[in-house]
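Trainee:
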Amino acid sequence: MDEDNISDIKSDAPSNCKAKILLLGDFDPEGDRIIRDPYYDSGSEGFEKCLKQCLRCCNAFIDKHSK
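All letters in the sequence shown, in the order written, are residues 1186 to 1252 by our numbering.
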């Protein structure tokens, strides 16, 4: 959900890979590209934000690819 994840996936991808590797946050209609890991936060605010971001992004992804 961040640039480190993208870097790891790209380094494992085959050299002839034609698939686009994107962040889930690339689909966020509010432009919040990075979905921060809430595990290191205290309290539930980080988890609430993460859930809302994931739902927005998943819904936008589905909307974009179901047409």
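For every residue, glycine included, the Cβ atom is placed at its ideal position computed from N, Cα and C.
Taking Cβ positions, are Ile-1206 and Ile-1220 nearer each other than 9 Å?
Mentor: Going by C-beta atoms, Ile-1206 is not nearer than 9 Å to Ile-1220.
Trainee: I need the straight-line Cα distance from Asp-1211 to Ile-1247, nearest angstrom please.
Mentor: Cα to Cα, the separation comes out at about 13 Å.
Trainee: Determine, using beta carbons only, whether Gln-1238 and Asp-1213 come nearer to each other than 9 Å.
Mentor: In contact: Gln-1238 and Asp-1213 (Cβ atoms closer than 9 Å).
Trainee: What span of residues does the alpha helix (DSSP H) with Lys-1195 cover, start to end?
Mentor: Here the alpha helix (DSSP H) through Lys-1195 covers 1188-1197.
Trainee: Have a look at Pro-1199, Ser-1196, Leu-1209 and Lys-1203 and flag the residue whose alpha-carbon is nearest the alpha-carbon of Lys-1249.
Mentor: Residue Leu-1209 is the option with its Cα nearest to Lys-1249.
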